[in-house]
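Notes follow once the structure below has been shown.
Rendered as structure tokens:
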């Protein structure tokens, strides 16, 4: 055993520290700018795990280094508006249309869709299981004053939820039974399970947590519940510093036949159901019909 | 002792002016430090002793003035000069390390090799009485041990001048006494030049060759120790140094517990444990001196009887101070009554006597051979 | 109790991940160490020099500088993260460096967080040394450089506390790391950002496992530093 003294200990620590940092240096190299591609997307997209499969394929084929920044839809588009991202993969159609209209984005292409579901306590206190539509189900929840958890974070899910309340002519803000978590989808689901409340969730996240949740699906399939994903390149005319070539390559990749195939089969085995449905080339209004 | 005569000036200060907070704290037109001698600085708190020491050591930059070391001006930064001096403060200011490492610090700073440090440091540890504490942590030393370590640390670099700022004032009396004795011996053995400030007159007497009395940032009087004490330049110096007759001399002969010391201008008998030829300081308090105007020698038990003339009389409250010349300077106190009864006045001849037991002896070590 | 089960499950998972040397977890842990270690080292260089300089020098405005340093010690990491992000944006003043969403950016942000902590503690430690020690060291014939080195050595025990405070502050922070690093898998994902992500996904067992690993890491580093510090104490 080495005899420890303060001096020896100090020297040992310095050597260990320098060794570790030396190993870190190559990782810190930023890499040639042309090869970096900043993809802004949503947390639910990243959480589904689909990108963990697709991105490596893309990187291997094209040599780009993709930096996937997963934030809320709102922030993703704000990044695009400021030219701080190169390409977006989001699912907030109304906001996206505005984004393109104002000239921040180009080449908006439909990629895939998944759907939202309404889940709630097995006891279903508001009796929404038999409701004719999602809008009706929401009206019933409001009427019964049953606990409803909202993400409340301006995410795509939150935007969809707000749209449904609007269609129902109800303003849930400030009501006792309406609670906003400000959290991601997985956490919100856990809170709903914990407090035995209703919530709107994307199928993908629900499927990955379903086993432990105890929150059955109470409403699904309604066209209003469709969650459509588009890929949009940030407009290089507006922001010359963006990696326009990389954005194009990524957009083309997302709608390519091979990728669409991967999307179709993703998660089928693990979750016993497809998480996403490939839609490249289709028109948005045609979906769900 | 003949300080000004054969010793040469090692350090010279000229025209020193130091300000602090808009106030002048030091104003010294000239000051000489003689090689191989100890200069004591005494004075009340706030007189500027520490400031003067720091300035002389090159640690404080004066607003004006210069220092000459060996005749050469000390340049900016004074770094080279600092390598030739050492300073000991009132607090030991030891490093958080062992006694050995502390004493070696000055050598390490000078880049001395480990082997030589290993040879030199133990010698100085022994000399200052802390050899057995070499491996002890500085945090675990008593006040006296810590100050000894600080002294060893200062001396090990063989400085040409040692500056000491009241190094013993925070120690208790027995520790202080032992340390003063050791320091005095080492200063004498190594002929080190030193400038030391102190509150304590006995300390000054034991260590110093010359004394400077400071007041309000200036030097009220400077000169050989005996001169300053016996012939204070003004009332302030007189009241500060504590009036006592101090007579330097050496032991002529010893018999039966009583010895005779030869001082300049006479011989004095005193009681003490001394060796023949030893240098001593004989101190006589004025209240122990009796004056009489008749010339008969035989009626007193005092062994020291001298005739002399009154040089000066100064009033001091209820009594008077009489400055005598008996071949050597002597100060006596008399009551107003005695003054009038004996018709004492300046110029009058009197007989002064004091007992051998009234002489307070300070030993100054053996006289150098030859 | 459900939560106790969850925690136990998490600990089990942690042990499993550590013993099987799970590649991804290993990578995340190593990156956490490298990033926070580098940031702490940078903060030591800057912090000890600036702290010592301010402690030993009198200059106009010194009071203000000391206040700023003390305020900086309590800088919220998210605030630092936000400002560093804005600076590093492509269109921001430091955009040309192109280090946003890289480990380098995390090191930068963490260094900004840790430096005031180290500076403040160094400043206090040096000021706490006996007033005449500086003069005593100069009287021993030291050059200015030697003097500073000896003073720092004298203050080494509290300075070691500064190292621990700086490192502890950055290894555990998440706000700045997420913002400037982007939590990119296999590239800029560290223990704290991974924990937040897994919690957000609802994978509490993995989140707890990562937390356990982070705690172990933090404890290990501090144990070593404390050992060194305590060895100096009088026995």
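Residue numbers (the working numbering), protein chains in the order written: chain A, 497 to 785; chain B, 2 to 371; chain C, 45 to 279.
C-beta atoms are modelled at their ideal positions from N, C-alpha and C, and glycine is treated no differently.
- At a beta-carbon threshold of 8 Å, the residues of chain C lying near residue 92 of chain B are 174 and 176, ordered along the chain.
- DSSP places residue 113 of chain C inside the alpha helix (DSSP H), whose first and last residues are 106 to 116.
- If you draw a straight line from the Cα of residue 103 of chain B to the Cα of residue 171 of chain B, it is about 20 Å long.
- Closest in alpha carbon position to residue 220 of chain C, among C/275, C/145 and C/90, is C/145.
- Taking C-beta atoms as the reference points, residue 348 of chain B and residue 266 of chain B fail to come closer than 9 Å.
- For the pair residue 625 of chain A and residue 551 of chain A, the Cα-to-Cα distance works out to about 39 Å.
- The Cβ neighbour count for residue 111 of chain C, taken over all protein chains shown within 10 Å, is under 16; the residue is labelled exposed.
- No Cβ-Cβ contact shorter than 9 Å links residue 34 of chain B with residue 218 of chain B.
- Linking residue 729 of chain A to residue 576 of chain A through their CA atoms gives a straight-line distance of about 9 Å.
- Sixteen is the threshold: since fewer than 16 other Cβ atoms of the shown chains lie within 10 Å of the Cβ of residue 350 of chain B, the residue is exposed.
- Among the CB atoms of chain C, one or more fall inside 9 Å of the CB of residue 107 of chain B.
- Rounded to the nearest whole angstrom, the CA to CA distance from residue 583 of chain A to residue 272 of chain C is 51 Å.
- The contact set of residue 158 of chain B on chain C, defined by CB atoms closer than 8 Å, consists of 184 and 185 in chain order.
- Bounds of the alpha helix (DSSP H) holding residue 174 of chain B are 174 to 191.
- In the DSSP assignment, residue 326 of chain B falls outside any alpha helix (DSSP H) and within the unbroken beta strand (DSSP E) covering 320 to 326.
- The continuous beta strand (DSSP E) containing residue 40 of chain B extends over residues 39 to 43.
- Straight-line measurement puts the Cα of residue 148 of chain C at about 23 Å from the Cα of residue 242 of chain C.
- Annotation for residue 249 of chain C: the continuous alpha helix (DSSP H) segment containing it runs 248 to 275.
- By the Cβ test, the stretch 12 to 31 of chain B is not in contact with the stretch 138 to 158 of chain B, since fewer than three Cβ pairs between them sit closer than 8 Å.
- For the stretch 684 to 699 of chain A, the residues whose beta carbon sits under 8 Å from a beta carbon of chain C are, in order, 685 and 686.
- When secondary structure is reduced to three states using DSSP, residue 694 of chain A falls in the strand class.
- In this structure, the straight-line span from the alpha carbon of residue 202 of chain C to that of residue 200 of chain B is close to 37 Å.
- Using a Cβ-Cβ cut-off of 8 Å, residue 229 of chain C is close to 548 and 564 of chain A, given in chain order.
- At the C-beta level, residue 43 of chain B and residue 234 of chain B stay beyond 9 Å of one another.
- Following the DSSP letters along the chain, one finds residue 289 of chain B in no alpha helix (DSSP H), marked with neither H nor E.
- Residue pairing by DSSP places residue 35 of chain B opposite B/10 in a beta bridge.
- Residues are counted here when their Cβ sits less than 9 Å from a Cβ of chain C; for the stretch 133 to 157 of chain B these are 138, 140, 141, 151, 154 and 155, given in chain order.
- Where residue 256 of chain B is concerned, the enclosing beta strand (DSSP E) starts and stops at 246 to 256.
- Assignment of residue 669 of chain A by DSSP, reduced to helix, strand and coil, places it in the coil class.
- Taking the beta carbon of residue 180 of chain C as reference, the chain B residues within 8 Å of it are 88, 90 and 94, listed in sequence order.
- By the neighbour-count criterion, in which a residue is buried when 16 or more other Cβ atoms sit within 10 angstroms of its Cβ, residue 556 of chain A is exposed.
- Residue-level contact by beta carbon holds for residue 164 of chain B and chain C, with a gap shorter than 9 Å.
- For residue 611 of chain A, the pairing in a beta bridge is given by DSSP as A/722.
- In this structure, C/186 is the residue among C/258, C/59, C/222 and C/186 with its C-alpha nearest to the C-alpha of residue 81 of chain B.
- Assignment of residue 753 of chain A by DSSP, reduced to helix, strand and coil, places it in the helix class.
- Under the DSSP definition of a beta bridge, residue 260 of chain B partners with B/255 and B/271.
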